[in-house]
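What follows is a set of notes on a single structure, which appears directly below.
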Amino acid sequence: MSRNKVSSRKLLSKKGASVHKLSPLCLLLRFFSVITFFSLSVTTTANDLLIHDATVIDVRTGETSINDILIRNDKIVSVGTVSAAELSTEAKIINATGQYVIPGLWDMHVHLTFFPELKDRLPAWYIANGVTSVRDMGSPLDEVLEFREQLSREGQVAPRIWIAGPMVDGSPRLFDGSGAFTPNISIAVNSTDEMVASVNYLAAKGVNLIKPYISLSLETFTVLSQQAKRHHLPIAGHIPNRVSLAEAVEAGIDDIQHLGGVHARVDCPHSSKMEGLPKVKASAISCSDLIKQFVEKEVWHTPTLVLSVGAYALNLPEDKVWFSASDQLSASLTQHFEELRFKYGAKFYESKSAWGYEMTQKMHEAGVKFLAGSDSPPSFNLKPGFGLHAELSALVHAGLSPLQALQTATLNPATFFNVKQTQGTIAVGSVADLVLLDANPLLDIANTQKINTVISQGRVFDRAALDVLLEQ
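For the sequence shown, this note's numbering begins at 2 and goes up steadily by one.
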């Protein structure tokens, strides 16, 4: 991989129309700054940081421009030509000639606390893969709140964390703490009064969303939705087994995980072949009408395609995507992952994969909006961080363009959480969560894996620093 160096080539304006040479003062400043920067694997953006001569990707439009990006105190303050007068004397410079800059990636389905032996290793793995924000979709409330606070308080390397807290379930609840691989990450709510109190409590504790799970009744699910909306909290989760997909959409679910409930429609692609999936209440309307409802009601989907055979079919490198002996997992966790990986047999995974790809393509063509999530680490041995890149490849395999896949992990998550004014794009005023790539992801989505540098929450990680994180 190329190493970032200061370049003395001309700075271009956004449209390339205004060209000027760097002054001797600017050249001198850049010379000393680059020495300071590369004497460390990790630096901070407390002083000015200039990404010079980068190909900036606008994930809203797919347009690219050769520009400078000026960062100050973790915020983007300029995208365009930057003069020496705009830089502080302590400025640091990254020469990004030939590199492509994208917003930091989001993984919209993770479980940070699911496996205690992995919890402290996950944040570094996400950053090493350019994943600068994650959405935790089920953890004990006090534990995940303290974990998020601890990471922030101690200044540890970590992504921004958005949390659901515990999954809101009915009875019986699956994740009740009865076993090592069914941790206590849910709560049982069996009446409407309990639901009002539970959602109020979660909102008061500061969760960012509410996640319904599979044992809720239609009545309790409806109250969950009503109460969440009173607190302006989005609802992202599973379709309860006793609730049809159409009923869930009508009640106000905002984001459906794993294409849940769609397989219950026998006129949806391959749905009649989907043996082994949960038995859920079928909707009384056609598959095409369901998809129209998704579009009209602006319902997001986080399909987690990579959970099935997608990762195998895409020929992704096993040493990166899957846990291996080098990761030094406990014997019990290693056995658990191997059993999950092959639990249902190749025929099931092939069928589920084909159905997932076809259903995603059908929904995408109709205008349904998607979010990228890997459901790591609980499911199918996927390494955190790497699984997000596998999901992006799976989405392209399902018919999305590389730009559209990139949007599912940048612009779309910021839109979902209503923070697109400050996150998800490379624009003045946005937080400086950025990934510098050695190749263009708009040409090949696999190029999101060719990471040169990651900037996250005021820290800059060069390739050497990222490699160290991967060893944690």
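Ideal Cβ placement from N, Cα and C applies to all residues, glycine included. Only a predicted model underlies this, so the values are computations on that prediction, with no experimental measurement involved.
Quiz item: In terms of residue numbering, what span does the alpha helix (DSSP H) encompassing phenylalanine 222 cover?
Solution: 219 to 231
Exercise. Measure the CB-CB distance between leucine 393 and leucine 407 and report whether it falls below 9 Å.
Key: yes
Self-check item: Nearest candidate by alpha-carbon position, reference cysteine 269, set Met364, Asp328, Val190 and Phe182
Solution: Met364
Exercise. Kindly indicate which residue of Phe115, Arg73, Ile67 and Val80 has the alpha-carbon position closest to the one of glycine 178.
Key: Phe115
Quiz prompt | serine 394 - containing beta strand (DSSP E), residue span | solution = Taken as a continuous stretch (DSSP letters only), serine 394 belongs to no beta strand (DSSP E), being part of the alpha helix (DSSP H) at 387 to 398.
Quiz prompt | Among Leu71, Ser84 and Phe182, nearest to proline 378 - alpha-carbon criterion | solution = Phe182
Quiz item: The beta strand (DSSP E) with isoleucine 103 in it runs from where to where?
Solution: 101 to 104
Exercise. Check each candidate in Leu444, His398, Leu203 and Ala92 and name the one with the smallest Cα separation from valine 169.
Key: Leu203
Quiz item: How is the beta strand (DSSP E) around phenylalanine 462 delimited, first residue to last?
Solution: 460 to 462
Quiz item: Closest to leucine 71 by CA distance: which of Thr62, Ile95 and Gly63 is it?
Solution: Ile95
Self-check item: glutamine 424 - containing beta strand (DSSP E), residue span
Solution: Run containing glutamine 424: none; DSSP gives neither H nor E here.
Quiz item: Where does valine 169 fall in DSSP's three states?
Solution: strand
Exercise. Would you decide whether lysine 384 is buried or exposed? Buried here means 16 or more other CB atoms lie within 10 Å of its CB.
Key: buried
Quiz item: Could you give the C-beta distance for aspartate 256 and threonine 303, rounded to a whole number, given that I count them as a contact under 8 Å?
Solution: 6 Å
Quiz item: Tell me which same chain residues have a C-beta within less than 6 Å of the C-beta of alanine 247, skipping the five on either side of it?
Solution: Ser284 and Ile286
Self-check item: Inter-residue CB distance, alanine 1 and leucine 437 (contact presumed, cutoff 8 Å)
Solution: The structure shown does not extend to residue 1, since the chain is modelled only from 2 through 473, so no value can be given for it.
Practice problem: Tell me whether lysine 298 is buried or exposed, calling it buried when 16 or more other Cβ atoms sit within 10 Å of its Cβ. | Solution: exposed
Quiz item: What is the DSSP secondary structure of arginine 61, counted as helix, strand or coil?
Solution: coil
Quiz item: Does the segment 445 to 462 come within contact of the segment 54 to 61, defined as at least 3 CB pairs closer than 8 Å?
Solution: no
Quiz item: What did DSSP end up calling alanine 189 once you bin it into helix, strand or coil?
Solution: strand
Quiz prompt | Bounding residues of the beta strand (DSSP E) (the contiguous stretch that carries serine 179) | solution = Run containing serine 179: none; DSSP gives neither H nor E here.
Practice problem: Give the C-beta separation of valine 296 and glycine 368 to the nearest angstrom, bearing in mind that I take them to be a contact with Cβ-Cβ under 8 Å. | Solution: 5 Å
Quiz item: Based on Cα-Cα distance, which residue from Arg61, Val397, Arg122 and Thr133 lies nearest to valine 455?
Solution: Thr133
Practice problem: Write down every uninterrupted run of the beta strand (DSSP E) in the segment 91 to 172 whose length is 3 residues or greater and which is fully enclosed by it, in chain order. | Solution: 93 to 96, 101 to 104, 106 to 111, 132 to 137, 161 to 164 and 168 to 170
Practice problem: Over the uninterrupted alpha helix (DSSP H) stretch that includes glutamine 408, give me the two end residues. | Solution: 403 to 408
Quiz item: When DSSP labels each residue in this structure, what does aspartate 256 get in the three-state scheme?
Solution: strand
Self-check item: Which of helix, strand or coil DSSP assigns to isoleucine 446
Solution: helix
Exercise. Return the chain-ordered list of same chain residues with a C-beta closer than 8 Å to the C-beta of leucine 470, the five sequence neighbours on each side being excluded.
Key: Ala125, Trp126, Ile128, Ala129, Val158 and Phe462
Practice problem: Consult DSSP for proline 270 and reduce its assignment to one of helix, strand or coil. | Solution: coil
Exercise. Determine the direct distance from the alpha carbon of alanine 465 to that of glycine 386, and round the result to whole angstroms.
Key: 17 Å
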